[in-house]
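**Q** Under this note's numbering, the first residue of the sequence shown is numbered 514, with each subsequent residue one higher.
Next up is a structure, given as structure tokens.
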Amino acid sequence: MRVAALIAGLLFCFSVILDAFQTIILPRRPVGRFRITRFFYIATWMPWAAFARHTRNPKLREQIYSMYGPGSLLFLLIVWALFLVAGFALIFFGLSTPFADSMADTSALARLRTDLYVSGTTLFTLGLGDVLPRSLAARALIVIESGTGLGFVALVIGYVPVLYTSFSRREVSVALLDARAGSPPTSTELLRRHAFPGGQEALVVLLVEWERWSAEILESHISYPILCYYRSQHDNQSWLSAMTAILDSCALLISVVPGVASRQAQLTFAMSRHALVDLGHVFHLEKCEADWRARGGPDRLPPENFNRVCELMEEAGLRLCGDPDAPARLTALRALYEGHAQALADYLGMTLPRWVPEPLAKDQWKMVEAVRSQAASVFKASDIVVSDQSAAFRLEAEEHR
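See below:
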């Protein structure tokens with residue numbers, strides 16, 4: 514039994530150290546199916562998501578979803594600490610409990626309690642000194658465990674700021690998309706709001722920013738998948754809906770809307786799709802994506818909605834290619850990413866954006882646009898008056914000459 518306890522303790526400690534190294538330090542996708550972090554999220558996310566889905570109040574449901582990301586981080590750290598305490602305690606037990614404890618008797622259960630107590634106080638560097646080691650091996654293990662505890666605390670202190678820095682960088686671009694594409698964002702609204710003189714150039718700048726944003730998402734969320742569970746501060750925003758709206762916009766620019774932004778749209782589309790596909794691999798959603806394709810998932814853009822999209826863009830003054838093959842090209846592009854986006858949306862409990870924007874009673878951008886339109890009409894009238902006055906002045910000057 515002591516040999517089994519010794520082996521189990523070594524296995525526990527090694528598993529925690531390797532898992533923490535892959536999760537926190539290693540700057541790439543964690544590998545291996547038998548990892549503590551993976552089992553932890555499988556065991557906790559499914560029941561949490563099921564509970565949230567059965568909540569009828571939308572705001573409360575989103576609040577429940579938003580609590581999981583930060584909460585799971587704290588519970589994961591607790592799980593790691595418990596595994597380390599149990600692992601070192603089993604090692605001590607395998608070494609026949611080499612401690613002098615006035616409160617312990619000779620029973621195996623009492624000795625195991627002593628081992629757990631010593632392991633817990635050592636890992637958290639309490640150093641009470643009421644239980645003394647009686648062998649060199651026990652002293653060495655106590656030094657090793659106390660060093661492990663200090664390293665564990667240091668990793669936690671460094672890990673949390675990295676996560677929240679990456680989260681903040683992600684959410685800044687998502688928030689900026691509110692004025693550019695509506696809330697929730699849609700590709701049609703994004704292109705409509707750039708239908709002004711010089712709008713194509715502004716759209717190129719925006720797509721360049723989102724190409725870089727997608728690359729940052731690829732690097733940060735592959736290394737720290739827990740960030741995918743962190744929700745945006747507003748219920749009608751999410752990083753997944755923003756990325757999908759950008760992909761929709763790029764697909765329209767490539768297949769339907771000609772212009773100078775189409776080249777940059779190809780680059781942004783490739784980068785965003787790369788990030789989307791790789792994130793699906795992190796959560797092992799390949800089967801979900803294949804099932805979605807096999808059962809013919811819901812069509813986000815049926816033919817009548819495609820016609821409506823074209824009408825809205827034409828009303829805004831955008832020039833469309835008019836090619837009858839344009840819908841087929843758009844469908845081919847959508848097939849490259851929609852299945853992956855839908856699999857992630859189903860897994861994370863998020864919704865994908867619509868193609869046709871919903872009529873909103875309160876849209877801050879539309880309110881500002883209306884005020885600007887009134888001001889523009891006044892400016893135009895003022896320009897006419899100034900122009901008439903200038904012409905009259907020139908006419909009077911000529912008469913004097």
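Backbone N, C-alpha and C fix where the C-beta goes; we use that ideal spot for every residue, glycine too.
Just so we're clear, the structure is a prediction, and the values are computed from it rather than from any experiment.
1. Mapping the DSSP letters down to three states, classify residue 613 as helix, strand or coil.
2. Can you tell me which of 769, 748, 585 and 738 puts its alpha carbon nearest to the alpha carbon of residue 824?
3. With contact counted as at least three CB pairs below 8 Å, one residue from each stretch, are the region 567-584 and the region 653-669 in contact?
4. CB-CB under 6 Å to residue 756, same chain, minus the five flanking residues each way: which ones, in chain order?
5. If you reduce the DSSP assignment to three classes, tell me which class residue 646 lands in.
6. Roughly how many angstroms lie between the CA atoms of residue 788 and residue 731, to the nearest whole one?
7. DSSP on residue 742, reduced to helix/strand/coil?
8. Taking 8 Å as the threshold, find out whether the region 699-713 comes into contact with the region 721-728 through three or more Cβ pairs.
9. Taking just the CA atoms, how far does residue 596 sit from residue 717?
10. Please report the distance separating the alpha-carbon of residue 525 from that of residue 636.
11. So, using beta-carbon positions, are residue 861 and residue 741 closer together than 8 Å?
12. Buried or exposed: which applies to residue 516, given that a residue is buried once 16 or more other Cβ atoms fall within 10 Å of its Cβ?
13. Please return the same chain residues whose Cβ sits closer than 7 Å to the Cβ of residue 565, not counting the five positions on each side in sequence.
14. Within 10 angstroms of the Cβ of residue 559, are there 16 or more other Cβ atoms? Answer buried if so, exposed if not.
15. Between residue 713 and the rest of its own chain, which residues show a CB-CB distance below 6 Å, the 5 nearest in sequence each way excluded?
16. In whole angstroms, what is the alpha-carbon distance linking residue 639 and residue 867?
17. Within a Cβ cutoff of 6 Å, which residues of the same chain sit near residue 645, ignoring the five residues on either side of it in sequence?
18. So which of 609, 814, 761 and 795 has the shortest CA-CA distance to residue 519?
19. From residue 821 to residue 667, what does the alpha carbon distance come to, in whole angstroms?
20. In chain order, what are the residue ranges of uninterrupted alpha helix (DSSP H) at least 4 long that sit wholly in the region 532-603?
21. When DSSP labels each residue in this structure, what does residue 530 get in the three-state scheme?
22. Does the region 526-534 come within contact of the region 542-550, defined as at least 3 CB pairs closer than 8 Å?
23. So which of 642, 850 and 819 has the shortest CA-CA distance to residue 835?
24. Would residue 761 be called buried (16 or more neighbouring beta carbons within 10 Å of its own) or exposed?
25. Which residues in the same chain as residue 833 place their Cβ atom closer than 7 Å to its Cβ, once the five residues preceding and following it in sequence are excluded?
26. Count the other C-beta atoms from every protein chain shown that fall within 10 angstroms of the C-beta of residue 677, then say buried if there are 16 or more, exposed otherwise.
27. Just to check my reading of the structure: residue 745 and residue 684 have Cβ atoms closer than 8 Å, yes? What is that Cβ distance to the nearest angstrom?
28. Measuring straight from C-alpha to C-alpha, what distance separates residue 898 and residue 766?
**A** Inspection of the coordinates gives the following:
1. Here DSSP, grouped into helix, strand and coil, assigns residue 613 to strand.
2. The shortest Cα separation from residue 824 among 769, 748, 585 and 738 belongs to 769.
3. In short, these stretches do not touch, since the Cβ pair count stays below three.
4. These residues qualify, in order along the chain: 785.
5. Residue state, collapsed to three classes: strand.
6. Straight-line spacing of the CA atoms in residue 788 and residue 731 works out to 5 Å.
7. In the three-state DSSP reduction, residue 742 falls in the helix class (H, G or I).
8. The answer is no - the region 721-728 does not touch the region 699-713, with fewer than three Cβ pairs under 8 Å.
9. In a straight line, the C-alpha of residue 717 is about 51 Å away from that of residue 596.
10. If you take the alpha carbons of residue 525 and residue 636, they lie about 14 Å apart.
11. Contact flag set, yes.
12. Around the beta carbon of residue 516, a 10 Å sphere encloses fewer than 16 other beta carbons of the protein chains shown; the residue is thus reported as exposed.
13. The answer, listed in chain order, is 574, 577, 578 and 862.
14. Sixteen is the threshold: since fewer than 16 other Cβ atoms of the shown chains lie within 10 Å of the Cβ of residue 559, the residue is exposed.
15. If we look at residue 713 and ignore the five residues flanking it on each side, its Cβ neighbours are 772, 773 and 774.
16. Straight-line Cα distance between these residues: approximately 55 Å.
17. Answer for residue 645: 613, listed in chain order.
18. Selected option, being the one with the closest Cα: 609.
19. Cα to Cα, residue 821 sits roughly 55 Å from residue 667.
20. Here the runs fully enclosed are 549-566.
21. Three-state DSSP puts residue 530 in a helix.
22. Yes, the region 526-534 is in contact with the region 542-550.
23. Selected option, being the one with the closest Cα: 819.
24. Flag for residue 761 reads buried.
25. Only 769, 770, 823, 826 and 827 meet the Cβ criterion.
26. Exposed.
27. The pair is a contact, with the Cβ atoms about 6 Å apart (cut-off 8 Å).
28. With a pLDDT of 44 at residue 898, under the threshold of 50, the modelled position of this residue cannot be trusted, and the question is left open.
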